[in-house]
Amino acid sequence: MYGCDFDMLAPRVVGCIHQSTAILLVGCYANAFALSAGLHKCQLRRLLGARGVDRQSSACVLASDSVLRRPCSPVGTLHTNAADFGAFRSPAERKSSVVKVLGTSQASLFFAPRFDCTMPSEAFNEKHELGYVDLEAHDGHSVTTGTHVLLEEVANVPYQVKSQFAKELMAEFLATFICMLFGLSCMAQVTLSGGNAGSFVTIALAWGFAYFLGISIGGGVSGAHLNPTVSVTLALLKMLPWKKVPFYILVQTIAAYASAVVVYILYRPLFNEVDPDRTTTHTVFATFPHENVDNFTCFFTEFLAAAVLILGILALLDQHNRPIGRHAVPPAIGVLVSAIAMGFAMNTGLAANGARDLGPRLFMLTAGWGSRVFTLNHYYFWIPLVAPILGGAAGAFVYEALVGYHHPGRSFGPYPDDSHGSRHTIEFAADKTNWAHLFELQNWRVFALLGSTAVMTECTNATNDVPKLGLDSGQALMAQGSSAFHSFVAKTIEPSMGRSLPQMEVRCKEVSLIAEVSVVQRSADVKSELPTIYNSVKHVVQKFTANRNVTKRHILNRVSAVFEPGTITLLLGQPGSGKSSLLRLLSGQFPMEKNISVEGDITYNGRSQFDLLNRLPQLAAYVPQRDRHFAAYSARETLEFAHACCPEELVFRGSEGLLTRGTVQENTAAQQAVRAINEHYPAVVTEQFGLRHCKDTVLGDDLHRGVSGGERRRVTTGEMEFGMKYATFMDEISTGLDSAATFDIVCTQRDIAKKLHKTVVIALLQPAPEVFELFDNIMLLNDGEVMYHGPREQVLPYFDNLGFICPLDRDIADYLLDLGTDEQYQYQIVKARNHPSLQCLPPRLAIEFAELFHQSHIHHETMRALEAPLSLERAKDAKEHIDEMPEFRQTFWASACTLTRRQTTIALRNTAFIRVRAFMVVFMGLVYATTFYQVDPTNVQVSLGVLFQATMFLQLGQASQIPSFIAAREIYYKQRRANFYRTASFAIGCSIALIPTAMGECIVFGSLVYWMCGFIAEANYFLFFMLVMILTNMVFCAWFFCVTAMSPNFNIAKPMSTFSIVFFIVFAGFVVPMGRIPDFLVWVYWINPIAWCLRSVAVNQYRSPIFDVCVYNGEDYCSHFNMTMGEYSLAQYDVPSDKAWVWNGVVFLVFAYVFFMAFGSYVLENKRYDAAVAAVAVVTSIVEKANVDEDGAKIHDSEGNYALATTPRAASDTSGIPSPNREANTRRLISSRGSADMLCQVP
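Each residue of the sequence shown is one higher than the one before, counting from 1 in UniProt numbering.
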């Protein structure tokens, strides 16, 4: 930052020090007192409305005795005595203007960017009514202003920059330019005058003043970093987004370049006089080390100076470490800069600022100094660029580790905790009825002066009673129950966010899910044939030769709905009605196939599902019907894994960036709460779902004992609770649970919906009455048709008007499920009453119910809600949260590490497999070793046979991993659709988890076979043998992983693996030598991993110095065969004898491993067989209907197999004439409900 010629020190250094220090202290204290004292006691004056007063220069100052009112939401209150404001303008003028409040934020280093908030000019009327104002922080931070407030009228200025980031960059440019201008000008004066116009101390003090002035100019808008080291350090501390750092550095460098241009123009005559050749004045613009100092010392000097600079800045800004007041920060940093210059500048001239050094250095390159400015002192130029950044990071780490981290509430910023003053807000008089015109009005602006230590806080809720919960464990957080925990989360985080928690409204309009089904027409006599072998074969042949017609079937038909945040909806329907399809479709997890198509629109806060499809699982959680978990994993470990993959948004996006809009205490409390929740959330979910007593019990499966079915179901539900998603879709969560457990879970979900503003939709089959009453809305599906969707309170009146009455002794949910089925007759009225325009029987089919519902006023209300524009709050949530949501919440390598730990743990817990495999490896190793003990190397058939058999045994043993891969694949499908991790991360985790067992098998078996069979007894040959064996083992692990990914199920994977093993054995080059393989199949030999393994090991053995000789055991191979003994032995099986094949085999095996894993990952990602299962399940009912004869007897199932015949039933009543039993039942219903005036009408 400073740089000077140390031979030009003036003889009167001491005098200069005294003089300059006095100037510095006087200036600093004068500035601090002037700013802090300000206009503290000025009263509000009515200047803007007074006649004859220049409104452009007039102002009103708010007195310091304003009353504090704490806020309750993002809508805040501005307080003062309304009488003080008076009538600023005429009533007509008031309606054409608004008031803007400008403040600052606490997130930047020195002074943060300003924010705007607006209020209508009716606030300044003579009625003295209280008015309210929306506080909107454009930079995403909190509202903080001084005690003194200035008002002035402003118009909508044309060409005014609207982008807050652009404003920050412009302010940063100006601040850096002024700072560098003063510093470089002082450098030029001292250097060009030969020390007569100043000294080293003058330069040091000038740079201190330059930084003080730069901070004062740009601090309130950009933070006045002035230095890339500061920008990078702020980003490391999560006080500045990384995406802004390159722009800040670029602007700082350009500003330094521009200041160098101005200084050169200013002193150009002197440059021409003193240094016409531009060889001695380069120290004016950039720093260069002393000639006797090496680059290592220079690097350490810059590193240490930057570390001290950042450490000092953090100490000055630490609000919990003797705060010095906001207006004392700029001069204090100036003093710090001067002190560092005086203490560290001797070696290098001390840049400690990459932009300050690079910008002027680039100017010198173009202004006559030439490229030598980059080559001097052994290319010293890179040291001022790199060392300060590393030093700044080190300084920040040291301060955090030793001081900052240990504060009860950690936060940095120039604003102390206001321990010396009072907090103030402003209250204006306003007509609340005119706030709808807010955005049509012109503007006033309220400028905030930086007054002492008083601040104006953003709206929070003083009456908001936050439950007091412990933060040290999940049990402490749940000590008062789920409701208190959710209240704690909402009331702690929302004030710091300055608004309510993010919300997501889900809308679906005329959504249809259509499947194209192939219908096979069979002859009529097929149905009556007996299932003999001949008839079965004939049936298969006819199945492939029969005519096929493709028919479109609607799984869901014209579904229109609005799922509002803060509501909980019950989805009812018979099995096969489309509930699961709708939930998976809304959550973005429906497995799409080429024969499945979706029509209609689904939006999330106005964002189309098509645009969000890849990121939708991070916004909406789906709880599946089936419980798929690793049997060896415990409930706690399963929840912890889900938490690691799906951290809360405030954690992976950085709570310091989102939780900064409240007071210091609110921000600190929120950040502490977020950290505690993130650390203990698995324990919280364990408590919520009642899993504490079984949290360390393995989950088990059909073959392994574990938790109960109900507990496993609760783990499935809790697994998808992580991530604090905005919507939750739960599919049949009550399976295996008793009524009490279901009631508790639904109560928890209702509490989450109400307090955390989540959208919750739950599909249940036959919920208990007390559970049914917990829901706000009901959606009734049957055969893909929406029979009802609306408020729970209106469902009975709606169907009453259609001619159906629910008995008093019948659960409402069961009554609703029977509608649209053959069981509805027990609820229906015989005939609709007289109606002016309609006489009819009640509807019978689901499509008839749907048509009537589409004509109802409830559906019309839904359609109006679908057409309504999105609210501003939802639009803001979409922009700030939905659009910013990444596809995965964990980074790639973090996810790979998490999966590796899980897969390794699961593999090592399979103790039965490990014990059996270990016994088999030892046993077979001894068998091979004793059978082929000390083989004769001249007997090539036996030697290569031992190597071949050893390779085959180890590699074929990996086929036993296929069942494990199949089980893991089912869980992968569930978690990948929920975007827990990437497919590549899963593949890496699976492969690495197999390394311990593969290496163990190779070491034990390989050691027994190698040493006892008499191969070359040297370490390097043995280690190479082990390397090739391990690599081949890993290749076959990857191959069977690939086979599993390509196979629909285990019944296909096992034969495929066996078939591939036959190819590997036959074409390995031992059973059939390479020269005898047909030419059109020889390519199989060259892609066979076993062949490459055998070739590498054989060449490594026989081309060793022991065997690669002419004479062996008395026989001269060179004279007889023109080959060495080793080459002759390899030629017996057509094995290439070039030594290059040794390491070529290693390279190929590595390539094969990577290829198989990559291809398996590609198949897993793009071909998921759960989609095929889902598609079959979707159309099963359609196919079964085609296989039912006219008597209702089922002849064929969906697979075309024969089924048992059933007794024919009587023909169904289709005439509409009720039976006597129905009439009696109907009369009983009418008398029990007292419905004498039931009409078949559309409500």
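Even glycine gets a Cβ: it sits at the ideal position worked out from N, Cα and C.
On a predicted model such as this, the values are computed, not experimentally measured, just so you know.
Should ILE340 be labelled buried (16 or more other beta-carbon atoms within 10 Å of its own) or exposed?
buried
When PHE1036, SER1161, MET1074, ARG1076 are compared against SER1060, the one with the closest alpha-carbon
PHE1036
With a threshold of 16 other CB atoms inside 10 Å of the CB of ASN1100, please say whether the residue is buried or exposed.
buried
Note down the Cα distance separating LEU571 from LEU501, rounded to an integer number of angstroms.
Straight-line measurement puts the Cα of LEU501 at about 25 Å from the Cα of LEU571.
Chain-order list of residues whose beta-carbon lies under 6 Å from that of SER587 (same chain, five-residue window excluded):
Here the set comprises ALA620, TYR622, PHE729.
Leaving aside the five residues before and after THR983 along the sequence, list all residues of the same chain whose C-beta is less than 7 Å from its C-beta, in chain order.
Within its own chain, the residues whose Cβ lies closer than 7 Å to the Cβ of THR983, once the five positions on either side in sequence are excluded, are ARG976, SER1161, LEU1164, GLU1165, listed in chain order.
Once the 5 residues before and after SER1119 are set aside, which same chain residues still bring their CB inside 8 Å of it?
The residues are CYS1110.
Using DSSP with H/G/I as helix, E/B as strand and the rest coil, what is SER1104?
Assignment of SER1104 by DSSP, reduced to helix, strand and coil, places it in the coil class.
For MET170, name the three-state secondary structure that DSSP assigns.
In the structure shown, MET170 sits in a helix (DSSP, three-state: H, G or I).
State the DSSP-derived secondary structure class of HIS789, mapped to helix, strand or coil.
In this structure, DSSP gives HIS789 an extended state, which the three-state scheme calls strand.
Roughly how many angstroms separate the alpha carbons of VAL1072 and CYS1002, rounded to a whole number?
Rounded to the nearest angstrom, the gap between the Cα atoms of VAL1072 and CYS1002 is 26 Å.
ASP601 - DSSP class collapsed to helix/strand/coil
In the structure shown, ASP601 falls within a strand segment according to DSSP collapsed to helix, strand and coil.
Roughly how many whole angstroms lie between the Cα atoms of VAL221 and LYS167?
7 Å
Roughly how far, in whole angstroms, is the beta-carbon of residue 1290 from the beta-carbon of TYR267, given that I think they are within contact range, below 8 Å?
This structure cannot speak to residue 1290, because the chain is shown only from 1 to 1243.
I'd like to know whether the C-beta atoms of MET478 and PHE488 end up nearer to each other than 8 Å.
no
CB-CB length for residue 1249 against GLY709, believed under 8 Å
Past the boundaries of the shown model lies residue 1249; the chain is included only from 1 to 1243, so the question cannot be answered.
Thinking C-beta only, is VAL284 closer than 8 Å to LEU385?
In this structure, LEU385 lies away from VAL284, with their beta-carbon atoms at least 8 Å apart.
Sorted by chain position, which residues of the same chain lie with C-beta nearer than 7 Å to LEU613's C-beta, five sequence neighbours on each side aside?
GLY588
Please state if the CB of TYR211 and the CB of ILE333 are separated by a distance shorter than 8 Å.
For the 8 Å CB-CB criterion, ILE333 and TYR211 form a contact.
Three CB pairs or more closer than 8 Å across the segment 685-696 and the segment 599-606
No: fewer than three Cβ pairs fall under 8 Å.
What are the uninterrupted segments assigned as beta strand (DSSP E) that are 3 or more residues long and contained completely in the segment 661-747, given in chain order?
727-731
Check whether the Cβ of LEU872 lies closer than 7 Å to any heavy atom of the ligand ATP, and answer yes or no.
Within the structure as shown, the ligand ATP is missing, as the structure has no ligands at all.
Straight-line Cα distance separating SER193 from residue 1244
The structure shown does not extend to residue 1244, since the chain is modelled only from 1 through 1243, so no value can be given for it.
Distance between VAL921 and LEU1008 (C-alpha atoms, nearest Å)
LEU1008 and VAL921 have their alpha carbons spaced roughly 10 Å apart.
Considering Cα atoms alone, identify which of ARG792, ARG810, THR821, TYR827 is closest to ASP800.
TYR827
Measure how close the beta-carbons of TYR399 and LEU311 come, nearest whole angstrom, since I'm counting them as under 8 Å.
5 Å
From what residue to what residue does the alpha helix (DSSP H) around MET779 run?
Taken as a continuous stretch (DSSP letters only), MET779 belongs to no alpha helix (DSSP H), being part of the beta strand (DSSP E) at 777-782.
In the DSSP assignment, find the beta strand (DSSP E) that holds THR1124 and state where it starts and stops.
No beta strand (DSSP E) contains THR1124, which DSSP labels as neither H nor E.
Ignore the nearest five residues each way along the sequence and tell me which others in GLU640's own chain have a CB closer than 7 Å to its CB.
PRO682
Extent of the continuous alpha helix (DSSP H) to which THR951 belongs:
940-956
Name, in chain order, the residues that DSSP records as bridge partners for TYR1112.
DSSP lists GLU1115 as partners of TYR1112.
Contact the segment 250-265 vs the segment 304-319: 3+ CB pairs below 8 Å
no
Between the CA atoms of VAL684 and HIS643 - distance to the nearest angstrom:
11 Å
In the DSSP output, what is THR191 paired with across the bridge?
None; THR191 has no bridge partner.
Looking at the strands, I want to know which residues DSSP matches up with ILE514.
HIS554, SER597
Can you grab the Cα-Cα spacing for the pair ASP275 / THR281, in whole Å?
Straight-line spacing of the CA atoms in ASP275 and THR281 works out to 7 Å.
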